Amino acid sequence: TIAIIDFGSQYSELIARRIRETQVYSEVISYRTTAEQLRNLDPKGIILSGGPSSVYDEYAPKCDPEIWNLGIPILGVCYGMQLMVKQLGGHVERAKRGEYGKAAIHIDDPTDLLTNVEDDSTMWMSHGDSCTELPEGFSVLAHTNNTACAAISNHEKKLFGVQFHPEVVHSQGGIALIRNFVYHVCECEPTWTTEAFVEESIREIKAKVGDKKVLLALSGGVDSSTLAFLLHRAIGDKVTCMFIDQGFMRKGEPERLMEIFDRQFNIPVAYVNARERFLDKMEGVTDPEIKRRLIGHEFIHVFESESEKLGPFDYLAQGTLYPDVIESADTNVDPKTGERVAVKIKSHHNVGGLPENLRFKLVEPLRKLFKDEVRKVARSIGLPEEIVRRHPFPGPGLAIRIIGEVTSERLNILRDADFIVRDEISKQGVYHDYWQAFAVLLPIRSVGVMGDKRTYAHPVVLRFITSEDGMTADWAKVPYDLLETLSNRIVNEVKGVNRVVYDITSKPPGTIEWE
Ligand code: XMP
């Protein structure tokens, strides 16, 4: 394990992912972790993340000063390096000029950390403070035109610092540097592989659950599908996979899901047809938040009554991922005021948004994984690409893409339009060019003319998005040809639609979904 001590950097997760890409397990932990706790965790190496603070801020987060004496190799990144320098008796100053963006590093000592990193490599810088005096035993490994100490080390104690961010993609040689730290300095073995994860989690599930019964709510997404696989492999028919069809999924999706699990993989799925119940709830509802709330509550009702019928169960399997674990594990302290603040805006809740006070104990085999690692696992156990790389799809489904009241007629219209979008971009081989690509149905009507006849029907909005994580997004610059094909097909093939428009709003200020 490499432990990453988080000082509130937006890049801490990224460091963890970069380490894992070298096939070494890494974990993000709080800066309040004591040296004693670290000793128990027994990592092969420690990375101190960057952070928004200055080491001179009154409430700047600090690490336990005993960690320098653990004998474990440490790499400080940006703020992490400044903290190392300051705590070990060096000097950090507010630089006359901060350094933001790309900078070429000039290598003074091409050993250890900088082996195989080319001189003049471009690294990503983002700092206001700089180290002006190194602690005893330290020497400079690299400098830039603005920064005398861009990379430093105390070879004997295996303490290293870099002022730049090796983890971001713009840093050439950043990966090489991380590999040097992980393999040469910390002497890690490449043991974090998909196969090892699958084996280990199956072992863990068996050990934890034994012959108790487990309930799993399948949604059709990659997380719950992977869960279903792992649990089935671990405990066979002791797991019950339940799929609640609320009627807001895309065309053919529920059928396809049943087919894949039931037939292709021999994992039985309890199919719950709740379409009418959900549709009834939608009668007369137009307010987006009320819509979402009603769907959420109904999901819980159906879930509870159905699980009673199928149960009793001891455990509920949940697709909690590593970012959820990090987010809920810690809050940060504002370096200027000392107030506790949440690091991130919460991302959307899981599929049905199950309440935490359910009577089940939880089994969460994916809690160590990042999303891209889930995809790797999914692929390795043979899940089809259509699930592995499916675009994100909201829990309330098409219901929140129908502006205004959700009726079965309007669901059919949107389902058909949505199908054409997916069909066309799959055929043209551009499905994966977009983070999401979908249609939204508007409650207004406009005039048109088709076959010499006046029409008065609904517009459909096309929403194509590019994004890294769904938190921010840009509208996609879709080729006109594709837009033209989609517009033609939708107007001709979908009854009730006579106009197609394209949404050119980024997020922010827009959100990805319309409700
Ligand atoms: P917004 O509309 O907030 O969406 O920009 C950001 C991302 O989250 C998805 N989304 C949801 N996912 N349950 C989910 O599991 C939900 O209720 C939900 N609402 C939005 C959305 O599709 C986008 O990827």
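Counting from 28, one number per residue, gives the positions in the sequence shown under the UniProt record's numbering.
We put the beta carbon where it would ideally sit given N, CA and C, even for glycine.
A quick note: this is a predicted structure, and the numbers were derived from the prediction, not measured.
{"Asked": "How long is the line joining the alpha carbons of Ser332 and Val404, rounded to whole angstroms?", "Found": "32 Å"}
{"Asked": "Measuring only from the beta carbon, is Pro423 closer than 8 Å to any heavy atom that is part of the ligand XMP?", "Found": "yes"}
{"Asked": "Would you identify the three-state DSSP class for Ile531, choosing helix, strand or coil?", "Found": "coil"}
{"Asked": "Kindly list the residues whose CB is nearer than 6 Å to the CB of Asn377, restricted to its own chain and excluding five residues on each side of it in sequence; keep chain order.", "Found": "Unreliable placement is indicated for Asn377, whose pLDDT of 44 sits below 50; the coordinate value is still reported in the next sentence. Cβ within range, chain order: n/a, list empty."}
{"Asked": "Just to confirm, does Pro350 get its C-beta within under 8 Å of one of the non-hydrogen atoms of the ligand XMP?", "Found": "no"}
{"Asked": "Among Val225, Leu410, Pro281, which residue has its Cα nearest to the Cα of residue 544?", "Found": "Beyond the ends of the chain as shown, which are 28 and 542, falls residue 544; an answer cannot be given."}
{"Asked": "Using only the heavy atoms of the ligand XMP, determine whether one of them is closer than 8 Å to the beta carbon of Ala500.", "Found": "yes"}
{"Asked": "Is the beta carbon of Trp219 closer than 9 Å to that of Gln114?", "Found": "no"}
{"Asked": "On a CA-only basis, which of Arg402, Gly323, Leu68, Arg386 is nearest Leu348? Give me that one, please.", "Found": "Arg402"}
{"Asked": "My parser needs the beta strand (DSSP E) runs of 3 or more residues fully inside the region 474–527; what are they?", "Found": "480–494, 500–502"}
{"Asked": "Which residues in the same chain as Asn96 place their Cβ atom closer than 8 Å to its Cβ, once the five residues preceding and following it in sequence are excluded?", "Found": "Ala62"}
{"Asked": "Taking His259 as the reference, give the member of Ile294, Asp314, Val249 with the closest Cα.", "Found": "Ile294"}
{"Asked": "Nearest to Ala43 by alpha carbon, out of Ile31, Gln37, Gly35, Val196?", "Found": "Ile31"}
{"Asked": "What do you get for Asp69, buried or exposed, if any count of 16 or more other CB atoms within 10 angstroms of its CB means buried?", "Found": "exposed"}
{"Asked": "Just checking residue 547 against the ligand XMP - is the residue's beta carbon closer than 8 Å to any of the ligand's heavy atoms?", "Found": "There is simply no residue 547 to check, as the chain begins at 28 and stops at 542 in what is shown."}
{"Asked": "Express the C-alpha separation of Ala484 and Ile471 in angstroms, rounding to a whole number.", "Found": "8 Å"}
{"Asked": "Please work out which residues of its chain come closer than 7 Å, Cβ to Cβ, to Ala426, disregarding the five sequence neighbours upstream and downstream, and give them in chain order.", "Found": "Phe275, Met309, Lys318, Ile322, Val433"}
{"Asked": "Skipping 5 residues on each side, what residues in its chain have a beta carbon closer than 6 Å to that of Phe165?", "Found": "Ile179, Asn181"}
{"Asked": "What are the boundary residues of the beta strand (DSSP E) that includes Asp272?", "Found": "266–272"}
{"Asked": "Of the choices Gly279, Ile440, Arg47, Asp460, whose alpha-carbon is the least far from that of Tyr210?", "Found": "Arg47"}
{"Asked": "What whole-angstrom Cβ distance do Val299 and Ile271 have, given they're in contact under 8 Å?", "Found": "5 Å"}
{"Asked": "Enumerate in chain order the residues of its own chain whose CB-to-CB distance from Val488 is below 6 Å, with the five nearest sequence positions on each side excluded.", "Found": "Val467, Val528, Asp530"}
{"Asked": "State the beta-bridge partners of Leu245 as determined by DSSP.", "Found": "Phe270"}
{"Asked": "Any heavy atom of the ligand XMP closer than 8 Å to the beta-carbon of Pro419?", "Found": "yes"}
{"Asked": "Taking the alpha helix (DSSP H) that Leu438 belongs to, which residues open and close that run?", "Found": "435–454"}
{"Asked": "Near Leu102, which residues of its chain fall below 6 Å by C-beta distance, leaving aside the five closest residues on each side in sequence?", "Found": "Ile74, Phe187, Phe208"}
{"Asked": "Considering just the uninterrupted stretch of the alpha helix (DSSP H) at Ala87, what are its terminal residues?", "Found": "Neither: Ala87 is in no alpha helix (DSSP H) and is coded neither H nor E."}
{"Asked": "Around the C-beta of residue 597, are 16 or more other C-beta atoms found within 10 angstroms, so that it is buried, or is it exposed?", "Found": "Beyond the ends of the chain as shown, which are 28 and 542, falls residue 597; an answer cannot be given."}
{"Asked": "Which residue wins for smallest C-alpha separation from Tyr52, given the options Ser246, Thr28, Ser157, Arg59?", "Found": "Thr28"}
{"Asked": "For Val474, does the count of other Cβ atoms within 10 angstroms reach 16, so buried, or fall short, so exposed?", "Found": "exposed"}
{"Asked": "Name the residue from Thr267, Gly537, Arg490, Ile229 whose alpha carbon lies nearest to the alpha carbon of Leu513.", "Found": "Arg490"}
{"Asked": "Buried or exposed for Lys239, going by 16 or more other Cβ atoms inside 10 Å?", "Found": "exposed"}
{"Asked": "So, does the region 242–259 touch the region 383–398, judging by three or more C-beta pairs under 8 Å?", "Found": "yes"}
{"Asked": "Do Lys129 and Met152 have their C-beta atoms within less than 9 Å of each other?", "Found": "yes"}
{"Asked": "Starting from residue 24, trace the alpha helix (DSSP H) both ways and give me its first and last residue.", "Found": "The question about residue 24 has no answer, for the chain in this structure spans 28 to 542."}
{"Asked": "Are there 16 or more other CB atoms within 10 angstroms of the CB of Lys265, so buried, or fewer, so exposed?", "Found": "buried"}
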